[in-house]
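Protein chains in written order, with my numbering: chain B, 9 to 186; chain Y, 2 to 167. For every residue, glycine included, the Cβ atom is placed at its ideal position computed from N, Cα and C.
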Amino acid sequence: MKVFVRAILLCAALSVAGAQAADEPAANDEFRSIDEDVQALKEEVLELNRDLFLLEEELLFPANSQVAFFLSVDVGEYFALDSVTLKIDGKEVANYLYTEREADALRRGGVQRLHMENLKTGDHELVAVFTGFGPHEREYRRGATVNLSKGLGAKYVELAITDRAPKQQPEFDVREWE
Amino acid sequence: MNGLKSLLLVTLCSALALGASASSSLTGQEAPDFALKSASGKNLRLSEYRGDVVMINFWATWCGPCRQEMPLLDDLYTRYERVGFKLLGVNIDDDARRAMQMVEELGVSFPVLFDESKDVSRLYQVEAMPVTVLVDRTGTVRHVHHGYKPGYEQKYLTEIRSLLRE
């Protein structure tokens with residue numbers, strides 16, 4: 009009798025163990041897939057967080073999208089400034105007429121903040137058209153085109169009018185301040 | 002019919018009221034600054050006359066009252082220029098040459114500026130011809146006159162004298 013009971017118990021134990029052994033891989037797979045899902049979700053959250061951070065930085069710091077344009081005149085013997093027109097990506101953003109006093113102040117070393125603009129990051133085309141009087145009181149109109157690459161952070165651009173003594177001509181230069 | 006009449010009357014009244022408020026909305030405000038090319042070739046900027054009493058007169062060659070008014074304004078200008086009165090005649094024609102002809106014809110001596118793009122006229126809400134704006138020494142618009150009728154020059158004279166005294 010004892011032997012019979014033992015045999016039954018053993019069988020029962022074996023069958024339970026067998027059933028457990030069969031369930032274990034399925035549960036493991038499920039855990040693994042949940043774990044993978046959680047990992048993927050975590051990665052997505054991190055990515056989203058990074059994107060939001062960058063977006064926030066771009067949106068919340070408008071100064072970063074600013075580009076300031078300055079005008080300076082160095083010497084100015086060969087050019088009397090009359091007006092400057094500024095175009096960004098084909099759109100006129102500033103048109104400034106200079107009075108005698110203003111032109112004189114620039115010749116004396118003044119720097120004028122001509123325009124402030126909010127620009128998206130990327131490449132932009134800047135066209136500056138200078139009109140005035142060149143040597144021998146001749147009317148003078150010259151354009152300067154430059155491609156601006158706007159990254160993060162504020163940008164400062166100087167439109168400089170200088171004299172080119174050997175040629176007795178004015179020179180128009182667009183410089184980016186570091 | 003009566004209903005239609007009263008509707009028309011109300012519309013007319015509101016249009017007049019709107020017109021009146023538009024004409025006076027600049028009064029008491031800082032005069033919008035501008036720079037324009039003048040007949041002499043120089044660029045003139047309003048803010049450079051801060052400290053003087055400035056009259057800005059918007060005119061056009063096709064405007065009859067302007068032709069009447071301008072020589073009278075020139076009299077005021079020659080009389081009071083040396084005591085700090087400036088007059089800027091802003092022409093709003095599309096073609097500056099015609100304006101120059103009229104200036105020569107009338108023989109006026111005050112600076113004439115050209116607002117071919119009409120930007121300045123828009124700034125000053127010029128909806129009639131002529132429009133005369135008086136700006137005090139601090140750069141504030143004090144009087145705005147729309148149109149011209151004989152006798153207005155007396156009003157201008159009184160206003161200029163009172164602003165010069167301030």
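With contacts defined by Cβ atoms closer than 8 angstroms, Ser110 (chain Y) and Thr141 (chain Y) do not form a contacting pair.
Taken through DSSP and simplified to helix, strand or coil, Ala113 (chain B) comes out as helix. Taking the beta carbon of Glu108 (chain B) as reference, the chain Y residues within 7 angstroms of it are Lys43, listed in sequence order. Contact with chain B is found for Arg46 (chain Y), since one of that chain's Cβ atoms lies less than 8 angstroms from the residue's Cβ. Asn36 (chain B) and Val53 (chain B) have their alpha carbons spaced roughly 25 angstroms apart.
Around the beta carbon of His144 (chain Y), 16 or more other beta carbons sit within 10 angstroms, so the residue counts as buried. Counting along the chain, Val109 (chain Y) sits inside no beta strand (DSSP E), nor does DSSP assign it H or E at all.
Interface flag for Glu128 (chain Y) against chain B is unset, since no Cβ pair is found closer than 8 angstroms. Taking 8 angstroms as the upper bound on Cβ-Cβ separation, chain Y lies near residues Asp90, Ser91, Tyr104, Leu105, Tyr106, Thr107, Glu108, Arg109, Glu110 of the stretch 89-123 of chain B. About 5 angstroms separates the beta carbon of Leu94 (chain B) from that of Val101 (chain B), a gap short enough to meet the 8 angstroms contact definition.
Listed in chain order, the beta strand (DSSP E) elements of length 3 or more contained wholly in the stretch 108-178 of chain B are 119-126, 130-141, 147-158, 163-172.
Counted as a single uninterrupted DSSP element, the stretch harbouring Ile161 (chain Y) is not any beta strand (DSSP E) but the alpha helix (DSSP H) occupying residues 153-166.
Separation of Thr133 (chain Y) and Ile57 (chain Y) (C-alpha to C-alpha, rounded to the nearest whole angstrom) is 6 angstroms.
Within the same chain, Tyr106, Ala111, Gly140 come within 6 angstroms of Leu89 (chain B) by CB-CB distance, once the 5 residues on both sides are set aside. Pairing Arg166 (chain Y) with Leu47 (chain Y), the inter-Cα distance amounts to about 21 angstroms. Straight through space, the alpha carbons of Arg146 (chain B) and Leu79 (chain B) are spaced by roughly 22 angstroms. Here Asp82 (chain B) carries a strand assignment [DSSP, helix/strand/coil]. For Arg83 (chain Y), the secondary structure class from DSSP, reduced to helix, strand or coil, is helix. Residue environment analysis places His144 (chain B) among the exposed positions, since fewer than 16 neighbouring C-beta atoms fall within 10 angstroms of its C-beta. Proximity of Lys38 (chain Y) to chain B, defined by a Cβ-Cβ separation below 8 angstroms, is satisfied. Less than 8 angstroms divides the Cβ of Tyr149 (chain Y) from the Cβ of Pro66 (chain Y).
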